[in-house]
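Colleague: Letter by letter, the sequence shown follows residues 514 to 821 of this note's numbering.
Here a beta-carbon is modelled for each residue, glycine too, at the ideal position from N, C-alpha and C.
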Amino acid sequence: MGKFTYDINKYDPRHMVALPLALFIVSVIFLGFNTVTTGLPVEAGIDFSGGIAVTIFTDDSAADLEQYFKDYPLKSVGESINNGYYLVFDNIPDENRFQEMTKHIYAKYPDAGIDQIGETFGKTLQTQAFWAVLMAFILMAVVVFIAFRNFIASLTIVAAGVFDISITATLMDLIGFTLSLGTTAALLMLIGYSVDSNILLTTRLFKRQGKTDEKIANAFHTGFIMTTTTLVAVAVMFFVTFVGQIVIIRDISAVLLIGLLVDLMTTWMFNAGILKMYFAKKENPKRGAKQAAAKQSGAKEGGKNGRR
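1. Please state whether the Cβ-Cβ distance between ASP677 and SER707 is less than 7 angstroms.
2. Tell me the start and end of each unbroken alpha helix (DSSP H) in the segment 678-747 that is at least 4 residues and wholly inside, in chain order.
3. Where DSSP assigns a beta bridge to TYR585, which residues make up the other side?
4. Classify ARG763 as buried or exposed, calling it buried when 16 or more other Cβ atoms lie within 10 Å of its own Cβ.
5. For ILE665, collect the residues of the same chain with a Cβ closer than 7 angstroms to its Cβ; drop the 5 residues on either side in sequence, then sort them by chain order.
6. Can you grab the Cα-Cα spacing for the pair PHE561 / ASP628, in whole Å?
7. In terms of residues, what are the limits of the alpha helix (DSSP H) holding PHE611?
8. According to DSSP, is ILE569 part of a helix, a strand, or is it coil?
9. Within the same chain, show all residues whose beta-carbon is closer than 6 angstroms to that of PHE661, passing over the 5 residues directly before and after it, in chain order.
10. Go through its chain and collect everything with a Cβ distance to TYR622's Cβ below 7 angstroms, but skip five positions before and after it.
11. Checking the sheet assignment: what are the DSSP bridge partners for ASP628?
12. Would you tell me roughly how many angstroms separate the C-alpha atoms of PHE546 and PRO554, rounded to the nearest one?
13. Residues in its own chain within less than 7 angstroms of LEU701 by CB, not counting five upstream and five downstream?
14. Using the DSSP secondary-structure output, state which residues sit across from PHE602 in a beta bridge.
15. Once you ignore the five residues that flank VAL539 on each side, which residues in its own chain have a CB closer than 8 angstroms to its CB?
16. Would the beta-carbon of PRO533 fall within 7 angstroms of that of PHE733?
17. Are the segment 766-778 and the segment 716-732 in contact at 8 angstroms, needing three or more beta carbon pairs?
18. Alpha carbon to alpha carbon, what distance is there between LEU713 and ASP525?
19. Is the CB-CB distance between SER483 and MET778 below 7 angstroms?
20. In three-state terms, what does DSSP make of GLY597?
21. Using three-state DSSP, classify GLU579 as helix, strand or coil.
22. What are the residues that DSSP puts in a beta bridge with ALA557?
23. Determine the closest residue to TYR599 out of ILE759, VAL768, LEU788, with distance taken between C-alpha atoms.
24. Quick check: what's the CA-CA separation for ALA805 versus GLU796?
25. DSSP puts GLU592 in a beta bridge; with which residues?
26. Can you tell me the Cα-Cα spacing of GLY558 and LEU692, whole angstroms?
27. Assuming THR669 and LEU788 make a contact with CB atoms under 8 angstroms, what is their CB distance in whole Å?
28. Suppose the cutoff is 6 angstroms on Cβ atoms and the five residues either side in sequence are ignored; what does the same chain contact list for MET614 look like?
29. Under the rule that 16 or more other beta-carbon atoms within 10 Å means buried, what is VAL745, buried or exposed?
30. Would you report the Cα separation of GLU592 and GLY674, rounded to the nearest angstrom?
31. If you follow the alpha helix (DSSP H) that GLY545 is part of, which residue opens it and which one closes it?
32. What did DSSP end up calling ASN797 once you bin it into helix, strand or coil?
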């Protein structure tokens, strides 16, 4: 049985680039609108917005919990295994009100776990996460430019990483995942995954001899196996943590799943399409020069024969 290959000649490179580019433009508009209206490109979770998280193990239903806490700013109720629940409340600035709620919780659920994140601390974490993502991109770009010393090669790798993060963040927000320390870590991991597959493609094209189409096909075979292997592992992690309601690992694996699928598109459509056009333009002048030289040589040969 032959290996799964990628025949890039079947597709117009401009059409390949168009879909990822259109999705990127839509995602930038979406994230920009969110930033203007809410202050953040993606809805902030409790880590960044602040709030109160309560872990309870009880035979009560989610509806019972909502009724019991109806006088408090309950935002969500997450269910876990072994009759566990993860409740998220908005911040309660009034200390007396917070103490009242704490007593209310322990009165019925003495083994409950209560964690409070202040709004100021949440904003500090926001700033730190922003700088972490920004510095990751800057350092990645510097390393790529040093490694390839070619503007087009470096630009496509960095652009693919930006596309991955932007489109993934948009889908993440649309599906309902909030921006937390866990999902921020997943986005940082995606930068690595994106650069990995794009460097594979770019290295094959710039560093190896042979036809462009064959080099892309060989890179695709290796890169596709790499990404799908990771996808399977992450999918298993998501399933296990979804069933067990291990929230932070579930969110990380969900964002990675989305991002890896987006990376397949940005690498093998956008990046491959751009590089295909780049090498086609690079090779055409050479072909034209060879044809002109052949014609000139033929004309000289004809002139010599005529003089004879």
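Modeller: Looking at the atomic coordinates:
1. Here residue 677 refers to the residue found at position 164 of the sequence shown. Here residue 707 refers to the residue found at position 194 of the sequence shown. The answer is yes: Cβ separation under 7 angstroms.
2. 694-720
3. Here residue 585 corresponds to residue number 72 of the sequence shown, with the count starting at 1. In DSSP, TYR585 forms no bridge with anything.
4. In the sequence shown, residue 763 corresponds to position 250, counting from 1. It is buried - the Cβ of ARG763 has at least 16 other Cβ atoms within 10 Å.
5. Reading the sequence shown from its first residue, position 152 is the one you call residue 665. Once the five neighbours on either side are set aside, the close Cβ partners of ILE665 are TYR791.
6. As a working note, residue 561 is residue 48 in the sequence shown. As a working note, residue 628 is residue 115 in the sequence shown. Taking the straight line joining both Cα atoms gives about 14 angstroms.
7. To locate residue 611, count along the sequence shown from 1; it is residue 98. Element bounds for PHE611: 608-621.
8. As a working mapping, residue 569 is identified with position 56 in the sequence shown. ILE569: strand per DSSP, three-state reduction.
9. Within the sequence shown, residue 661 is the residue found at index 148, counting from 1. Closer than 6 angstroms at the Cβ level, and outside the excluded window around PHE661, lie SER667.
10. Numbered from its first residue, the sequence shown carries residue 622 at position 109. Contacts found: ILE569, THR571.
11. Along the sequence shown, one-based indexing puts residue 628 at 115. DSSP lists ALA566 as partners of ASP628.
12. As a working note, residue 546 is residue 33 in the sequence shown. As a working note, residue 554 is residue 41 in the sequence shown. Taking the straight line from one Cα to the other gives about 8 angstroms.
13. Translated into positions along the sequence shown, residue 701 becomes position 188. Excluding residues within five positions, the ones whose Cβ falls inside 7 angstroms are ALA645, VAL646, ALA649.
14. Working through the sequence shown from its first residue, we reach residue 602 at position 89. Bridge partners of PHE602: ILE565, LEU587.
15. Indexing the sequence shown from 1 puts residue 539 at position 26. Here the set comprises THR683.
16. For this step, residue 533 is matched to residue 20 along the sequence shown. For this step, residue 733 is matched to residue 220 along the sequence shown. Taking 7 angstroms as the Cβ cut-off, PRO533 and PHE733 do not qualify as a contacting pair.
17. no
18. Taking the sequence shown and counting its residues from 1, one reaches residue 525 at position 12. Taking the sequence shown and counting its residues from 1, one reaches residue 713 at position 200. The straight-line gap from Cα to Cα measures roughly 22 angstroms.
19. Nothing can be reported for residue 483, as the shown portion of the chain is limited to 514 through 821.
20. To locate residue 597, count along the sequence shown from 1; it is residue 84. The answer is strand: DSSP assigns GLY597 an E or B state.
21. The residue given as residue 579 occupies position 66 in the sequence shown. If DSSP states are grouped into helix, strand and coil, GLU579 belongs with the helices.
22. Working through the sequence shown from its first residue, we reach residue 557 at position 44. Bridge partners of ALA557: LEU692.
23. As a first step, residue 599 must be located in the sequence shown, where it is residue number 86. Among ILE759, VAL768, LEU788, the Cα nearest to that of TYR599 is on ILE759.
24. Sequence index remark: in the sequence shown, residue 805 carries index 292 (1-based). Sequence index remark: in the sequence shown, residue 796 carries index 283 (1-based). With a pLDDT of 44 at ALA805, under the threshold of 50, the modelled position of that residue is not reliable, and the figure given next carries that caveat. Distance between the alpha carbons of ALA805 and GLU796 is about 14 angstroms.
25. Taking the sequence shown and counting its residues from 1, the one referred to as residue 592 is at position 79. In DSSP, GLU592 forms a bridge with TYR598.
26. Taking the sequence shown and counting its residues from 1, one reaches residue 558 at position 45. Taking the sequence shown and counting its residues from 1, one reaches residue 692 at position 179. C-alpha separation (whole angstroms): 5 angstroms.
27. Numbered from 1 along the sequence shown, position 156 holds the residue referred to as residue 669. Numbered from 1 along the sequence shown, position 275 holds the residue referred to as residue 788. Sure, about 6 angstroms apart at Cβ, within 8 angstroms.
28. Within the sequence shown, numbered from 1, the residue matching residue 614 stands at position 101. Counting only Cβ-Cβ distances below 6 angstroms, and skipping sequence neighbours, we find TYR585.
29. Residue numbering aside, residue 745 sits at position 232 when the sequence shown is read from its first letter. VAL745 should be labelled exposed.
30. As a first step, residue 592 is located in the sequence shown; it is residue number 79 there, counting from the start. As a first step, residue 674 is located in the sequence shown; it is residue number 161 there, counting from the start. Answer to the nearest angstrom: the Cα atoms are 34 angstroms apart.
31. Stepping through the sequence shown from its first residue, residue 545 is reached at position 32. Its alpha helix (DSSP H) spans residues 526-551.
32. Taking the first residue of the sequence shown as 1, we reach residue 797 at position 284. If DSSP states are grouped into helix, strand and coil, ASN797 belongs with the helices.
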